[in-house]
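This report refers to the structure that appears directly beneath it.
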Amino acid sequence: MIQILPILQILIDTLIRTSDLALIALGLNLSYGVSRFPNVAHVEMAPLGAAVALAVAALFPVGGLVGAAIAGALAAGLAAMLLHRFAFERLAGAGPASALIGSLAIAMMLRAGLQAVFGTRPQQFDTPLIPPHDLWGAILSDLQIAAIAITAVCLIGFFAMLRLTPLGRSIRAIAANPALATASGIDARRVTLVTVFLGGTLAGIGGILLALVTQLDIGMGQMLLLPVFAAAIVGGLGSLPGAVIGAFAIALAETLVMRIDFGLLAADGPRYLPLGYLTGIGFALIVVTLVYRPEGLLSRGGRRA
Amino acid sequence: MLSAHDVTRSFGGLTAVNHVSLEIGPREIVGLVGPNGSGKTTLLNLLSGFLAPTSGEIRFDGTAVSARRAWQPSRLGLRRSFQLPKLPARMSVLEVMLAGGRLPAGASPWRSLLTPGRVRREEAAFIGKAMGLLAEVDLAGLADHPAGGLSGGQQKLLGLAAALMDDPAVLLLDEPTAGVNPSLRRRMADHLRRIREGGTALVIVEHDMGFIGDLCDRCLALDKGAVIANCRPDELSGNQQVVEAYLGRRRPGVPLRVVAGGAVGGAVDIRTNGARA
Amino acid sequence: MLEFCLHVLIMSAIFGIAAVSLNLQAGTGGLLNFGQIALFGIGAYAVAILTRAGLPWPAALLAGMAAAALAGFAIGRLGRDLAAEYWALATLAVAELVRLVALNEDWLTGGPQGIGGIAVLFPGLDGVARALATLALAALLLLGTALVARRLGDTQFGRVLRLMRENPDLATALGHDIVACKVKVLAIGGAMAGLAGGLYTLYLAFIGPDQLLPFETFLIWTMVVLGGLGNVAGAVVGALLVTALYAGIPFLKDAVALPSDLTGSLRVFAIGSIVLAVLMLKPQGLVPERLRRLHAQRP
Numbered sequence: 292m293i294q295i296l297p298i299l300q301i302l303i304d305t306l307i308r309t310s311d312l313a314l315i316a317l318g319l320n321l322s323y324g325v326s327r328f329p330n331v332a333h334v335e336m337a338p339l340g341a342a343v344a345l346a347v348a349a350l351f352p353v354g355g356l357v358g359a360a361i362a363g364a365l366a367a368g369l370a371a372m373l374l375h376r377f378a379f380e381r382l383a384g385a386g387p388a389s390a391l392i393g394s395l396a397i398a399m400m401l402r403a404g405l406q407a408v409f410g411t412r413p414q415q416f417d418t419p420l421i422p423p424h425d426l427w428g429a430i431l432s433d434l435q436i437a438a439i440a441i442t443a444v445c446l447i448g449f450f451a452m453l454r455l456t457p458l459g460r461s462i463r464a465i466a467a468n469p470a471l472a473t474a475s476g477i478d479a480r481r482v483t484l485v486t487v488f489l490g491g492t493l494a495g496i497g498g499i500l501l502a503l504v505t506q507l508d509i510g511m512g513q514m515l516l517l518p519v520f521a522a523a524i525v526g527g528l529g530s531l532p533g534a535v536i537g538a539f540a541i542a543l544a545e546t547l548v549m550r551i552d553f554g555l556l557a558a559d560g561p562r563y564l565p566l567g568y569l570t571g572i573g574f575a576l577i578v579v580t581l582v583y584r585p586e587g588l589l590s591r592g593g594r595r596a
Numbered sequence: 012m013l014s015a016h017d018v019t020r021s022f023g024g025l026t027a028v029n030h031v032s033l034e035i036g037p038r039e040i041v042g043l044v045g046p047n048g049s050g051k052t053t054l055l056n057l058l059s060g061f062l063a064p065t066s067g068e069i070r071f072d073g074t075a076v077s078a079r080r081a082w083q084p085s086r087l088g089l090r091r092s093f094q095l096p097k098l099p100a101r102m103s104v105l106e107v108m109l110a111g112g113r114l115p116a117g118a119s120p121w122r123s124l125l126t127p128g129r130v131r132r133e134e135a136a137f138i139g140k141a142m143g144l145l146a147e148v149d150l151a152g153l154a155d156h157p158a159g160g161l162s163g164g165q166q167k168l169l170g171l172a173a174a175l176m177d178d179p180a181v182l183l184l185d186e187p188t189a190g191v192n193p194s195l196r197r198r199m200a201d202h203l204r205r206i207r208e209g210g211t212a213l214v215i216v217e218h219d220m221g222f223i224g225d226l227c228d229r230c231l232a233l234d235k236g237a238v239i240a241n242c243r244p245d246e247l248s249g250n251q252q253v254v255e256a257y258l259g260r261r262r263p264g265v266p267l268r269v270v271a272g273g274a275v276g277g278a279v280d281i282r283t284n285g286a287r288a
Numbered sequence: 436m437l438e439f440c441l442h443v444l445i446m447s448a449i450f451g452i453a454a455v456s457l458n459l460q461a462g463t464g465g466l467l468n469f470g471q472i473a474l475f476g477i478g479a480y481a482v483a484i485l486t487r488a489g490l491p492w493p494a495a496l497l498a499g500m501a502a503a504a505l506a507g508f509a510i511g512r513l514g515r516d517l518a519a520e521y522w523a524l525a526t527l528a529v530a531e532l533v534r535l536v537a538l539n540e541d542w543l544t545g546g547p548q549g550i551g552g553i554a555v556l557f558p559g560l561d562g563v564a565r566a567l568a569t570l571a572l573a574a575l576l577l578l579g580t581a582l583v584a585r586r587l588g589d590t591q592f593g594r595v596l597r598l599m600r601e602n603p604d605l606a607t608a609l610g611h612d613i614v615a616c617k618v619k620v621l622a623i624g625g626a627m628a629g630l631a632g633g634l635y636t637l638y639l640a641f642i643g644p645d646q647l648l649p650f651e652t653f654l655i656w657t658m659v660v661l662g663g664l665g666n667v668a669g670a671v672v673g674a675l676l677v678t679a680l681y682a683g684i685p686f687l688k689d690a691v692a693l694p695s696d697l698t699g700s701l702r703v704f705a706i707g708s709i710v711l712a713v714l715m716l717k718p719q720g721l722v723p724e725r726l727r728r729l730h731a732q733r734p
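Listed below in structure tokens is the structure:
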């Protein structure tokens with residue numbers, strides 16, 4: 292059975308993993324809402340943002356960590372927007388299959404490009420080393436707290452923007468019914484570009500936070516790809532609250548399944564799922580969701596042919 | 012032959028087809044009419060197995076029609092056409108015809124590889140049949156033309172011809188004259204009469220009352236998902252309910268409100284969204 | 436130099452089989468199988484495990500094909516009526532799951548180290564002679580696979596697949612069980628991919644989990660897209676071009692005097708740009724799908 296005692300640790304681990312995934316998944320669903328195909332290149336905005344932030348922090352220490360982070364996030368947003376404008380607009384017109392393959396190509400190229408420029412060794416931000424806190428047996432570091440807090444602030448700010456501002460309304464309109472939105476005077480193309488920019492920025496912030504808390508591994512995109520997609524799909528592709536809920540669901544699943552003692556079934560000592568299968572939990576959830584409930588938990592997104 | 016027993020179909024809160032029962036006998040031509048939103052196309056989808064009823068049952072030749080095996084009614088002799096044919100651009104007219112036929116040897120990967128002679132003979136026979144059917148609708152000269160490249164009216168005729176490749180007992184037609192020019196419309200009526208003489212019953216969903224009047228033995232009129240009349244075409248205009256259904260019962264003074272709900276953030280009230288982003 | 440050319444040709448033939456397989460699934464059937472490499476990998480690992488257990492390689496190849504066909508069948512039953520790009524994501528996830536199993540189950544797959552020390556093909560021959568014999572075998576199997584794919588595409592089976600690809604509702608309306616068709620084509624495609632994987636293992640005498648990375652699926656997709664979706668000859672041409680490019684990059688890099696650790700990135704860049712260029716400029720690929728004319732058979 293799942294060990295009850297470290298329930299606080301479970302909660303913390305889940306929160307940490309949720310905040311790892313939430314912003315990037317949100318960005319993915321945001322982009323999906325306007326471009327209407329699953330953009331595999333999106334997750335590469337995370338390491339891109341982190342890499343740019345790292346470079347800026349190293350080359351221009353003036354702005355400090357915050358300045359570097361802003362630069363990185365904006366770079367990611369800009370990159371996403373440029374990619375959309377010059378590649379995806381054309382590809383999406385050729386059908387979702389071409390768009391998916393094209394996005395895979397671009398994702399691979401981005402990863403290769405980052406590797407070429409930044410090298411393959413993981414790099415770290417220059418952050419002070421503070422020993423982690425011990426809360427009633429659960430371990431939590433300052434950086435992790437900061438990451439969760441920043442993620443929460445970004446999420447709240449984003450949803451506030453979505454609900455309360457004209458831009459937010461336009462985004463929702465385009466995502467719900469592009470033809471109708473255009474007919475009522477919304478400049479679909481411009482709003483789409485802004486939306487994609489926002490999505491990229493969110494992913495960039497997510498990547499920067501991840502790199503801050505652990506390290507910048509250029510292969511971050513590859514490692515994040517399926518868990519982020521899992522979060523987006525489980526929550527419902529295209530659903531913005533779904534992205535956050537999906538991230539939570541994946542995080543919870545990963546944390547819990549890793550703690551299940553299968554040894555109780557075989558009664559021959561404790562047996563846990565090997566760590567190598569951690570990411571496999573997300574993959575399995577993708578398959579299960581797509582087979583049984585493709586629209587995910589919240590949205591009407593998953594199309595049946 | 013084809014019957015619906017107390018069939019209802021709802022989509023969430025909306026009831027599109029409301030406790031409909033009907034019977035189609037051999038060689039009948041039955042029209043299915045009604046204003047927009049009356050449930051005609053939904054009923055057609057239910058009858059052909061493309062949609063599952065929320066309640067009730069549909070039977071063809073004694074077998075229950077099930078949406079779980081939507082391909083089955085077609086094999087048993089119940090076929091349908093589509094309002095917007097959308098024929099493939101990368102297949103020729105003749106290929107689409109052949110796809111409409113039942114070629115068991117050619118359709119099996121094993122037999123395609125192991126018994127090429129039999130497959131060839133089977134295909135030759137069906138090509139003969141296909142060319143004959145194409146000739147009847149004046150498309151024989153376009154046999155190698157891309158199917159998707161045909162005009163709308165021609166695509167409808169091709170759809171019809173392909174459906175006939177398997178000699179169906181009942182053919183359901185979804186607005187066969189939509190988007191078709193008047194001269195083609197007359198030829199289509201002739202085709203349909205000939206098809207009936209060949210032994211196929213027809214159920215025609217239509218808006219063109221003139222077309223229906225000339226062609227159909229009887230009409231079923233739908234309004235809001237329920238059958239309100241089952242009579243000869245010339246009796247329709249005398250039916251008060253039918254007339255009311257077509258002229259509508261909208262109350263004046265109620266503003267038009269468009270609500271778009273969707274995957275992102277819920278409903279958007281377009282009416283009040285005056286500000287540009 | 437000769438050895439290098441032979442190597443490129445053999446790899447082209449092996450991946451040509453995988454490309455023909457993917458072309459049948461995606462080009463003819465419209466099935467965006469992003470897990471093709473998993474089917475390839477299952478064949479590869481099956482052959483490795485069985486030959487190490489003593490089975491002669493022709494039998495192991497057949498067993499590998501059967502295992503991969505079974506896997507294809509299983510994938511085909513997944514998400515019966517999902518839209519194409521969603522199904523693609525599911526297959527991507529399945530392929531990653533397969534890779535994780537290969538990476539973790541040391542007792543079966545040798546874990547991260549993979550399985551090596553496999554008996555070589557044609558032990559009686561040496562060097563160039565052995566390479567030529569291997570090439571002959573691979574080319575022969577490629578020819579057979581291509582002919583099978585061509586034949587299937589030309590018959591009613593292929594017709595139904597193409598209709599299913601373009602307009603599944605019409606296919607259903609004309610009495611075709613598209614789920615059954617999907618499953619059949621994935622099983623057949625799986626068998627072909629398993630054959631390619633098995634040959635790969637036999638040729639290199641090694642298989643490891645790195646061969647199951649998504650990049651490998653992407654490589655096969657590039658071959659098919661380049662050659663033109665729906666076109667058997669195109670898939671073979673694409674396989675040759677992509678393999679040659681992939682193998683040739685290190686030479687190019689030397690010619691332009693770039694540092695060695697850029698080789699990997701350069702390869703990816705080259706392959707990626709090709710796909711993008713084709714998708715944006717000539718989406719039908721180099722050898723567009725021909726419209727089938729049934730002239731010769733008409734009375």
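Protein chains in written order, with my numbering: chain A, 292 to 596; chain B, 12 to 288; chain C, 436 to 734.
The beta carbon of each residue, even a glycine, is placed where N, CA and C say it ideally should be.
Please read these numbers as outputs of a predicted model, since none were measured by experiment.
Query                                                                                                                                   : Result
Exposure of Val-254 (chain B), with buried meaning 16 or more beta-carbon neighbours within 10 Å                                        : exposed
Touching by the beta-carbon criterion (3+ pairs, under 8 Å), the stretch 221 to 230 of chain B and the stretch 25 to 33 of chain B      : no
DSSP beta-bridge partners of Leu-458 (chain A)                                                                                          : Paired residue(s): none; Leu-458 (chain A) is not in a bridge.
Per-residue contacts from Ala-151 (chain B) into chain C (C-beta, under 8 Å)                                                            : What Ala-151 (chain B) touches in chain C: nothing, since even the nearest Cβ is about 10 Å away.
Status (buried if at least 16 other CB within 10 Å, exposed otherwise) for Pro-179 (chain B)                                            : buried
Identified DSSP bridge partners for Val-238 (chain B)                                                                                   : B:Leu-233
Cβ distance (whole Å) where Phe-574 (chain A) is taken to contact Glu-531 (chain C) below 8 Å                                           : 5 Å
Where Arg-90 (chain B) falls: helix, strand or coil (DSSP)                                                                              : strand
Straight-line gap, Gly-499 (chain C) to Arg-702 (chain C) (C-alpha atoms, nearest Å)                                                    : 30 Å
Span of the alpha helix (DSSP H), counted from its first residue to its last, around Arg-623 (chain C)                                  : A small fix is needed here, since residue 623 (chain C) is Ile in this sequence, not Arg. Per DSSP, Ile-623 (chain C) belongs to the alpha helix (DSSP H) from 613 to 639.
Beta-carbon gap between Ala-454 (chain C) and Val-671 (chain C) smaller than 8 Å                                                        : yes
Under 8 Å by beta carbon: chain C residues contacting Ile-397 (chain A)                                                                 : Gly-707, Leu-711
DSSP-derived helix/strand/coil call for Ala-534 (chain A)                                                                               : helix
Chain-order list of residues whose beta-carbon lies under 8 Å from that of Met-715 (chain C) (same chain, five-residue window excluded) : none
Neighbourhood of Thr-65 (chain B) by C-beta, 7 Å cutoff - its chain only, sequence neighbours within 5 removed                          : Thr-19, Arg-20, Ser-21
CA nearest to the CA of Thr-570 (chain A), picked from A:Ala-502, A:Arg-454, A:Gly-324, A:Arg-308                                       : A:Arg-308
8 Å Cβ cutoff, Tyr-323 (chain A) in contact with chain D                                                                                : Within the model displayed, chain D is absent; protein chains A, B and C are what it includes.
Chain-ordered residues of the stretch 100 to 117 of chain B with a beta carbon less than 9 Å from chain C                               : Ala-100, Arg-101, Met-102, Ser-103, Leu-105, Glu-106, Val-107, Leu-109, Ala-110, Gly-111, Gly-112, Arg-113, Leu-114, Pro-115, Ala-116, Gly-117
Neighbour flag for Tyr-681 (chain C) against chain A, beta carbons, 8 Å                                                                 : no
Val-6 (chain B): first and last residue of the uninterrupted beta strand (DSSP E) it sits in                                            : Since the first residue of chain B shown is 12 and the last is 288, residue 6 (chain B) is not available in this structure.
Where the beta strand (DSSP E) containing Ala-15 (chain B) begins and where it ends                                                     : 13 to 22
Validate contact between the stretch 545 to 552 of chain C and the stretch 634 to 641 of chain C using beta carbons, cut 8 Å, 3 pairs   : yes
Through-space distance from Glu-540 (chain C) to Gly-579 (chain C), alpha-carbon basis                                                  : 34 Å
DSSP three-state assignment for Gly-250 (chain B), whether helix, strand or coil                                                        : Just to set this straight, residue 250 (chain B) is Asn in the shown sequence, not Gly. If DSSP states are grouped into helix, strand and coil, Asn-250 (chain B) belongs with coil.
Amino acids of chain C, ordered along the chain, whose beta-carbon sits closer than 8 Å to that of Ser-119 (chain B)                    : Phe-592
CA-to-CA distance, Ala-467 (chain A) to Asp-311 (chain A), given in whole angstroms                                                     : 27 Å
C-beta atoms of Ala-502 (chain A) and Ala-316 (chain A) nearer than 8 Å                                                                 : no
Ala-692 (chain C) (DSSP reduced to helix, strand or coil)                                                                               : coil
Cα-Cα separation between Arg-733 (chain C) and Ala-154 (chain B), rounded to whole angstroms                                            : Residue placement at Arg-733 (chain C) is poorly supported in this model, since its pLDDT is 43, which falls under 50; the coordinates still yield a value, given next. C-alpha separation (whole angstroms): 10 Å.
Span separating the alpha-carbon of Leu-306 (chain A) from that of Ala-474 (chain A)                                                    : 42 Å
Cβ of Ala-525 (chain C) within 8 Å of any chain A Cβ                                                                                    : yes
Start-to-end residues for the alpha helix (DSSP H) that takes in Phe-508 (chain C)                                                      : 492 to 511
Chain-ordered chain B contacts of Asn-602 (chain C) [CB-CB under 8 Å]                                                                   : Lys-97, Leu-98, Pro-99
Identity of the residue in A:Ile-303, A:Ala-494, A:Ile-509, A:Leu-484 nearest Ala-378 (chain A) by Cα                                   : A:Leu-484
Neighbourhood of Ala-568 (chain C) by C-beta, 8 Å cutoff - its chain only, sequence neighbours within 5 removed                         : Leu-556, Phe-557, Leu-560
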